[in-house]
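Throughout, my numbering is defined as the position within the sequence shown, counted from one, plus 566.
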Amino acid sequence: MSRIKGASKNPLKLVALAAMTFASAVGWAADGEAILNAQCSACHNLAGPAPATLDALWNRKGPDLFYAGNKYQAAWMEKWLQKPTRIRPAGMFYGNHIKPGAKGDEVDATTLVTHPALPATDAKAVTGALMQRKGRSDLVTAGAYVPGTISRSSGEMLFDKFKGCLACHEIEPGYGGLSGPEVYTAAKRLQENYLISYLRNPQAWDPKTFMPNKRLSDTDLQKFVHYLRLLGEEVKP
Ligand code: HEC
Ligand code: HEC
567 MSRIKGASKN PLKLVALAAM TFASAVGWAA DGEAILNAQC SACHNLAGPA
617 PATLDALWNR KGPDLFYAGN KYQAAWMEKW LQKPTRIRPA GMFYGNHIKP
667 GAKGDEVDAT TLVTHPALPA TDAKAVTGAL MQRKGRSDLV TAGAYVPGTI
717 SRSSGEMLFD KFKGCLACHE IEPGYGGLSG PEVYTAAKRL QENYLISYLR
767 NPQAWDPKTF MPNKRLSDTD LQKFVHYLRL LGEEVKP
């Protein structure tokens, strides 16, 4: 008798546990979606496709997030959403945020938006919902990046002298161009296989982007990601 009791009790417990886990999993995802639609969709494209005209590119209010799960590192995103810092020194499109200064063009900081910050639970829910958006899985290959190293000086030669990337990107705070995102945090923010794919053909991801396709060789693609990782290690957490 006691054996039958026990046997009938356990499966019930299991069912209850499974139902709870299911409910919380669904509730968790639903919250993330609700927050995205209410608080983020005005500035971020959550469903694609990427801007198809220059006009749409200039008027884009925030980075496209419909392939966030192909692009970002979840751990970084969850932290950043709670305490956002500036990544693009001159905003989404520098032409909208530059003013003439004494030594040439300067960033007009008063025109830049302060990014909304989320409480920890919301940041977790939103990160979960965003990481499920994998609208461009067709462009990334698992294992495309093969971990390796490069010296700081060879990396910098490649980034600056040989390929001219420094004209648009900062490799440390205050050093480098301002029209593109800072790259010293790129390896912390972005997935390595995404970096390989994006650097190979930025226009495949974002047809109108100003980021040039430099027709990098496979060897140089790997070297650039080694270098970005090296810069990332030098950044204080
Ligand atoms: C007023 C417009 C605006 C709103 C609202 C907004 N964002 Fe953003 N978001 C931006 C801009 C602009 C950037 C680029 C910041 C930078 O480069 O310094 C950005 C960057 C990001 C990034 C980093 C991605 C990257 O490549 O730089 C994430 C993740 C993000 N936003 C998520 C969200 C979420 C989640 C919400 C809603 C809770 C949200 N944003 C609301 C404008 C906005
Ligand atoms: C003419 C200016 C320009 C040059 C030159 C340039 N970039 Fe970019 N780069 C950009 C812009 C603009 C973006 C996209 C910004 C965005 O998504 O908001 C970008 C994006 C990137 C990203 C992704 C960053 C992120 O946070 O999403 C990386 C990495 C990068 N560039 C590396 C390079 C490398 C390596 C080179 C040299 C081979 C290079 N760039 C040359 C303008 C430039």
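Each residue gets a CB set at the ideal place from its N, CA and C atoms; glycine is no exception.
* **Contacts around residue 742, its chain only, beta-carbon distance under 6 Å, and the 5 residues preceding and following it disregarded** => The residue given as residue 742 occupies position 176 in the sequence shown. The answer, listed in chain order, is 732, 735 and 736.
* For the region 637–675, list the alpha helix (DSSP H) runs that are entirely contained and at least 4 residues long, ordered along the chain. => 640–648
* **residue 716 (DSSP reduced to helix, strand or coil)** => In the sequence shown, the residue the question calls residue 716 occupies position 150. It is coil, neither helix nor strand.
* Asked: Where DSSP assigns a beta bridge to residue 736, which residues make up the other side?
  -> Against the sequence shown, residue 736 aligns to sequence position 170. Answer is 742.
* Asked: Which first and last residues belong to the alpha helix (DSSP H) in which residue 769 is found?
  -> Stepping through the sequence shown from its first residue, residue 769 is reached at position 203. Counting along the chain, the alpha helix (DSSP H) containing residue 769 begins and ends at 768–771.
* Asked: My guess is that residue 711 and residue 644 are in contact by the Cβ rule of under 8 Å, so how many angstroms apart are they, rounded?
  -> As a first step, residue 711 must be located in the sequence shown, where it is residue number 145. As a first step, residue 644 must be located in the sequence shown, where it is residue number 78. Wrong, their Cβ atoms sit about 22 Å apart, outside the cutoff.
* Report, in whole angstroms, the separation of the C-beta atoms of residue 792 and residue 709, which I expect to be a contact under 8 Å. => Within the sequence shown, the letter at position 226 stands for residue 792. Within the sequence shown, the letter at position 143 stands for residue 709. Not a contact, Cβ separation roughly 16 Å.
* Would you say the region 657–677 touches the region 698–709, given that touching needs at least three Cβ pairs under 8 Å? -> no
* **Beta-carbon proximity list for residue 718, same chain, < 7 Å, skipping 5 on both sides** => In the sequence shown, residue 718 corresponds to position 152, counting from 1. Within the same chain, residue 718 has close Cβ partners 796.
* Decide if the region 679–699 is in contact with the region 762–777; the criterion is three or more beta carbon pairs, one per stretch, under 8 Å apart. => no
* Asked: Nearest to residue 663 by CA position, among 686, 648, 720 and 627, is which residue?
  -> By one-based count along the sequence shown, residue 663 stands at place 97. Closest option to residue 663, Cα to Cα, is 627.
* Asked: For the candidate residues 751, 661, 790 and 744, whose alpha-carbon lies nearest to that of residue 722?
  -> The residue given as residue 722 occupies position 156 in the sequence shown. The candidate whose alpha carbon is nearest that of residue 722 is 790.
* Any idea what DSSP makes of residue 782, helix, strand or coil? -> Your numbering for residue 782 matches position 216 in the sequence shown. The answer is coil: DSSP assigns residue 782 none of H, G, I, E or B.
* Own chain, CB closer than 8 Å to residue 624, minus 5 neighbours either side, in chain order -> As a working mapping, residue 624 is identified with position 58 in the sequence shown. 659, 661 and 662.
* **As assigned by DSSP and simplified to three states, the class of residue 631** => Translated into positions along the sequence shown, residue 631 becomes position 65. The answer is coil: DSSP assigns residue 631 none of H, G, I, E or B.
* Asked: Three-state secondary structure (DSSP) at residue 756?
  -> Taking the first residue of the sequence shown as position 1, residue 756 is located at position 190. Reduced to three states, the DSSP call for residue 756 is strand.
* Asked: What first and last residue would you give for the alpha helix (DSSP H) that runs through residue 706?
  -> Here residue 706 corresponds to residue number 140 of the sequence shown, with the count starting at 1. Unbroken run through residue 706: none, as it is neither H nor E.
* Asked: Which class does residue 605 belong to by DSSP, given the choice of helix, strand or coil?
  -> Residue numbering aside, residue 605 sits at position 39 when the sequence shown is read from its first letter. Residue 605: helix per DSSP, three-state reduction.
* **residue 710, DSSP secondary structure in three states** => On the sequence shown, residue 710 is found 144 positions in, with the first residue counted as 1. The answer is coil: DSSP assigns residue 710 none of H, G, I, E or B.
* For chain D, find out if any of its Cβ atoms is closer than 7 Å to the Cβ of residue 788; answer yes or no. => You won't find chain D in this structure, because it holds only one protein chain.
* Is residue 792 helix, strand or coil when you go by DSSP? -> For the purposes of this step, residue 792 is taken as the residue at position 226 of the sequence shown. Residue 792: helix per DSSP, three-state reduction.
* Do you know offhand how far residue 593's Cα is from residue 694's? -> By 1-based counting over the sequence shown, the position of residue 593 is 27. By 1-based counting over the sequence shown, the position of residue 694 is 128. Only weak support is given to the placement of residue 593: the predicted model assigns it a pLDDT of 48, under 50, and the question is left unresolved by the model.
* With residue 691 as the anchor, note down where its alpha helix (DSSP H) starts and where it stops. => Locating residue 691 in the sequence shown gives position 125, counting from the first residue. Residue 691 -> alpha helix (DSSP H) spans 686–697.
* Below 7 Å between beta carbons: does that hold for residue 655 and residue 744? -> By 1-based counting over the sequence shown, the position of residue 655 is 89. By 1-based counting over the sequence shown, the position of residue 744 is 178. Going by C-beta atoms, residue 655 is nearer than 7 Å to residue 744.
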